[in-house]
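Peer 1: After the structure tokens below, expect a handful of questions from me.
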Amino acid sequence: MPHLMFTSALKTFFPNLKEEYIEADSIETLLSELEKKHQGIQGYLVDEKGQIREHVKFYIDDEPYNEKVHSELPKSAQIHIIQAISGG
Amino acid sequence: MKLAVGTDKGLLIFKQAVNSEWVLADIHFIGMPIGAFHADKNQHWWVAINHKHWGPKVYVSINMGETFTEVSSPKFSTESPFTLKSIWTIESQNIGNIQRLYIGAEPAALFYSDDLGKSWNEMNGLSNHPSRSSWQGGGKGSNSPFLHTVLSNSENENHLTVGVSCAGVFQTYDGGITWQPTNTGLKAFFLPNTESVVGHDPHTIYQSKLNPNVLWQQNHCGIYRSEDLGKTWQDITDHMGKAVYGFAMAIADDNDLEAWVIPAQSDHLRIPHHQKLAVYYTKDAGQNWRSLENGLPNPAFDLVLRDAMDIKGNTLAFGTNNGNLYASMDKGQHWTTISQNLSAVRCAAFIAE
Chain A
1 MPHLMFTSAL
11 KTFFPNLKEE
21 YIEADSIETL
31 LSELEKKHQG
41 IQGYLVDEKG
51 QIREHVKFYI
61 DDEPYNEKVH
71 SELPKSAQIH
81 IIQAISGG
Chain B
1001 MKLAVGTDKG
1011 LLIFKQAVNS
1021 EWVLADIHFI
1031 GMPIGAFHAD
1041 KNQHWWVAIN
1051 HKHWGPKVYV
1061 SINMGETFTE
1071 VSSPKFSTES
1081 PFTLKSIWTI
1091 ESQNIGNIQR
1101 LYIGAEPAAL
1111 FYSDDLGKSW
1121 NEMNGLSNHP
1131 SRSSWQGGGK
1141 GSNSPFLHTV
1151 LSNSENENHL
1161 TVGVSCAGVF
1171 QTYDGGITWQ
1181 PTNTGLKAFF
1191 LPNTESVVGH
1201 DPHTIYQSKL
1211 NPNVLWQQNH
1221 CGIYRSEDLG
1231 KTWQDITDHM
1241 GKAVYGFAMA
1251 IADDNDLEAW
1261 VIPAQSDHLR
1271 IPHHQKLAVY
1281 YTKDAGQNWR
1291 SLENGLPNPA
1301 FDLVLRDAMD
1311 IKGNTLAFGT
1321 NNGNLYASMD
1331 KGQHWTTISQ
1341 NLSAVRCAAF
1351 IAE
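This is the structure we're talking about:
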């Protein structure tokens, strides 16, 4: 089951957020499962078209998320969601 | 009376002490960039945060800042080519028993909510206006047009006026279904055709409370006033060449002749004339402008952004992009410094205690 970790900055808005294991085989599923647990969080990570926000970065096993390469998430994936430095 | 100041690093609430000095009373959303602040008729506060990472968010406080609740943010539809970049203004209007909220957005669009921010609808007649392809980005670093001003009409709930940079003033008389550009009289010196129907840059627009037919506009290309609800505009730019380019404006509560602006030297030199921070004032509907500088610094390198000045009775306050905040108790004759250590001030609004 993928292991999901977050930037602590998100705890400002979702105080109960902590690293967790989420059953998901794609980023889309991961996001919708996450939304069930933390209502509203999806809107912080992706825009209204479902695109990951410009200054939010997903890393899969320490590699930047690439839609083509990571269309299917490995069961043991370590996923980091961080705020990109590009965002200032 | 309190003063709400939206900065790039939080929403600050100042209140007047017994000795009239303004003191910092509260800080909300510390470290976060405030995009817009609006206190509605129920004294509910609506706040937009334009997060760089997490996207624009909207909050409401029904207890004057004691607690805030996040409501939903406007969203462009899946068919729209746009995604919400930032929120520039929040306004409200009472229609019968409901309170309608408006959000002016970048890319330029007007959203409204009739359920206190639970859901938002886009006014597609404006977003898809036939002139849309000619709209341009405006503002520092912005490559998309944005909607920064919304005026409702207490005498006609179906009538709205909006300001879009850079497209101009648009009005609807059918509740937002169809929109007409109303830029007659404005000049756009940055366009080949300076009297273009669309393409203007109205930095901010105000409506007289006393005489709703009178609108005032600080434009990129000067200062304008309308006596027919914006159908036509008269150029009231300072003939001495000082009160020309700027963003912020305030108009008197109790007459339709007095206004205050804070000019910059020019659009390519966005600092005060001769580095002397000054408010310019007219008491004759813009026939003459004179500077009010008593208590303001020299030299200064400040620019005052479009929503960063407010007026209530004789009291004026404004904040600058350099984080300075000033107030006057006598319509600008004398100014005192409230703070010179803030972050860039985006908006300033007097609110009830």
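Protein sequence lines correspond, in order, to chains A and B.
Just so it is clear: in the first sequence, position 26 is 26 by the numbering used here, and no numbers are missing.
Just so it is clear: in the second sequence, position 219 is 1219 by the numbering used here, and no numbers are missing.
We treat Cβ as the ideally placed atom computed from N, Cα and C, and that holds for glycine.
Since this is a predicted model, take the numbers as computed values, not measurements.
What does the Cβ neighbour count give for A/TYR21, buried or exposed, with the cut at 16 atoms within 10 Å?
Peer 2: Its Cβ having fewer than 16 others within 10 Å, A/TYR21 is exposed.
Peer 1: Checking contacts by CB at 9 angstroms: is A/LYS37 closer than that to chain B?
Peer 2: No, its Cβ sits nowhere closer than 9 angstroms to a Cβ of chain B.
Peer 1: Under 8 angstroms between beta-carbons, which chain A residues line up against B/SER1073? List them in chain order, please.
Peer 2: Result: GLY43.
Peer 1: Answer yes or no: does any C-beta atom of chain B fall closer than 9 angstroms to that of A/GLU23?
Peer 2: Taking Cβ atoms only, chain B never reaches closer than 9 angstroms to A/GLU23, which makes this a no.
Peer 1: I'd like the list of long-range same chain contacts for B/VAL1214, defined as Cβ closer than 6 angstroms, with 5 residues on each side in sequence excluded.
Peer 2: Taken in chain order, the residues that qualify are SER1208, GLU1227 and ASP1256.
Peer 1: Measure the Cβ-Cβ separation of B/GLY1185 and B/GLN1234 and say whether it is below 9 angstroms.
Peer 2: Cβ atoms of B/GLY1185 and B/GLN1234: closer than 9 angstroms.
Peer 1: Which first and last residues belong to the beta strand (DSSP E) in which B/ILE1030 is found?
Peer 2: Note, B/ILE1030: premise wrong, no beta strand (DSSP E); not H, not E.
Peer 1: Closest by CA to B/GLN1093, which one among B/GLU1157, B/SER1072, B/GLN1136 and B/LEU1147?
Peer 2: Measuring from the Cα of B/GLN1093, the nearest candidate turns out to be B/GLU1157.
Peer 1: So, is A/GLN39 buried or exposed, given that buried needs 16 or more other C-beta atoms within 10 angstroms?
Peer 2: Exposed is the call here.
Peer 1: For B/SER1131 and B/VAL1198, what's the separation of their Cα atoms in angstroms?
Peer 2: Each residue's Cα considered, the two are about 7 angstroms apart.
Peer 1: When we look at the beta-carbon of B/ILE1095 and count the other beta-carbons within 10 Å, is it buried (16 or more) or exposed?
Peer 2: Flag for B/ILE1095 reads exposed.
Peer 1: Buried or exposed for B/THR1161, please, with buried defined as at least 16 other CB atoms from any protein chain shown within 10 angstroms of its CB.
Peer 2: When all chains shown are included, B/THR1161 counts as buried.
Peer 1: Along the chain, where does the beta strand (DSSP E) containing B/GLY1163 start, and where does it finish?
Peer 2: 1160 to 1165 is the extent of the beta strand (DSSP E) around B/GLY1163.
Peer 1: With a 10 Å radius around its C-beta and 16 neighbouring C-beta atoms as the bar for buried, classify B/GLN1275 as buried or exposed.
Peer 2: When all chains shown are included, B/GLN1275 counts as exposed.
Peer 1: Throw me the rounded Cβ distance for the B/TYR1326 and B/THR1337 pair, which I believe falls under 8 angstroms.
Peer 2: Going by Cβ atoms, the distance from B/TYR1326 to B/THR1337 rounds to 6 angstroms, so yes, they are a contact pair.
Peer 1: Under 9 angstroms between C-beta atoms, does A/LEU17 make it to chain B?
Peer 2: It does not; no Cβ of chain B falls within 9 angstroms.
Peer 1: Report the residue from B/MET1309, B/LEU1292, B/TRP1022 and B/SER1339 whose alpha carbon sits nearest the alpha carbon of B/GLN1333.
Peer 2: Checking every option, the nearest Cα to that of B/GLN1333 belongs to B/LEU1292.
Peer 1: Along the stretch 1031 to 1064 of chain B, where does the CB come closer than 7 angstroms to a CB of chain A? Name the residues.
Peer 2: Cβ contacts with chain A: LYS1052, HIS1053, TRP1054 and GLY1055.
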